[in-house]
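S.K.: Heads up, the sequence shown is in our numbering, so the first residue is 156 and it goes up one at a time.
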Amino acid sequence: MDIHFRKRGKIVIAEIEGDIDHHTADGIRRMAERELYISGADSLVLDMGGVGFMDSSGIGMIIGRYKTVTALGGRLAIVNPSKEADRILSISGIYRLVRSYPTAEDAVLGINQEVQAQ
């Protein structure tokens, strides 16, 4: 598993490569929390185009990040999920809480529009 971060305003974009399972979900959680804290960001975009496999640990990690950014007054978005990840996300009902976008740029625009509309 590899994760790379970049920041756009108050939004952290996390590009995830590899599997999200019970071996990696906690590491992703810790790195994302650290990046949000260090950067002062309040929103998180999970770019999941490189995720080949995800189990229920990934769902738990996403729900936890949703709670974190909501408490900060921000938003969580999912970008470009692989076919496998999208299937798990759909079945789990995550898309009722978290918006999905085709690209990170679309997610940044969408989050910024939501924040401005408040």
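Backbone N, C-alpha and C define an ideal beta-carbon position, used for all residues, glycine too.
Is the CB-CB distance between I166 and A196 below 8 Å?
M.R.: Taking the first residue of the sequence shown as 1, we reach residue 166 at position 11. Taking the first residue of the sequence shown as 1, we reach residue 196 at position 41. Against a cut-off of 8 Å, the Cβ pair of A196 and I166 comes out as a contact.
S.K.: So the candidates are H178, Q268, E170 and D202; which of them puts its Cα closest to the Cα of G212?
M.R.: Stepping through the sequence shown from its first residue, residue 212 is reached at position 57. Reading off the sequence shown, one finds Ser at residue 212, where the question assumed Gly. It is H178.
S.K.: Check whether the region 170 to 185 touches the region 203 to 222, counting contact only when three or more Cβ pairs, one atom from each stretch, lie closer than 8 Å.
M.R.: The answer is yes - the region 203 to 222 touches the region 170 to 185, with three or more Cβ pairs under 8 Å.
S.K.: Of the choices G229, D157, R163 and R161, whose alpha-carbon is the least far from that of L252?
M.R.: Locating residue 252 in the sequence shown gives position 97, counting from the first residue. Ranking G229, D157, R163 and R161 by Cα distance to L252 puts G229 first.
S.K.: Within the same chain, show all residues whose beta-carbon is closer than 8 Å to that of D174, passing over the 5 residues directly before and after it, in chain order.
M.R.: As a position in the sequence shown, residue 174 is number 19, starting the count at 1. Correct list, in chain order: M156, V206, G207, F208 and M209.
S.K.: In chain order, what residues of the same chain have a beta carbon less than 6 Å from the beta carbon of E170, not counting five sequence neighbours either side?
M.R.: By one-based count along the sequence shown, residue 170 stands at place 15. If we look at E170 and ignore the five residues flanking it on each side, its Cβ neighbours are H159 and D202.
S.K.: Is the beta carbon of S198 sitting closer than 8 Å to the one on I249?
M.R.: Position 43 of the sequence shown holds residue 198. Position 94 of the sequence shown holds residue 249. The answer is no: Cβ separation not under 8 Å.
S.K.: Taking C-alpha atoms, which residue in Q273, P236, L227 and A240 lies nearest to A262?
M.R.: Here residue 262 refers to the residue found at position 107 of the sequence shown. With distances taken between Cα atoms, A262 lies closest to P236.
S.K.: What do you get for S245, buried or exposed, if any count of 16 or more other CB atoms within 10 angstroms of its CB means buried?
M.R.: Locating residue 245 in the sequence shown gives position 90, where the first residue counts as 1. Classification for S245: exposed.
S.K.: Since V234 and V200 should fall inside the 8 Å C-beta cutoff, what is the C-beta to C-beta distance between them, to a whole number of angstroms?
M.R.: Here the question's residue 234 lines up with position 79 in the sequence shown. Here the question's residue 200 lines up with position 45 in the sequence shown. Rounded, the Cβ-Cβ distance is 6 Å, consistent with contact.
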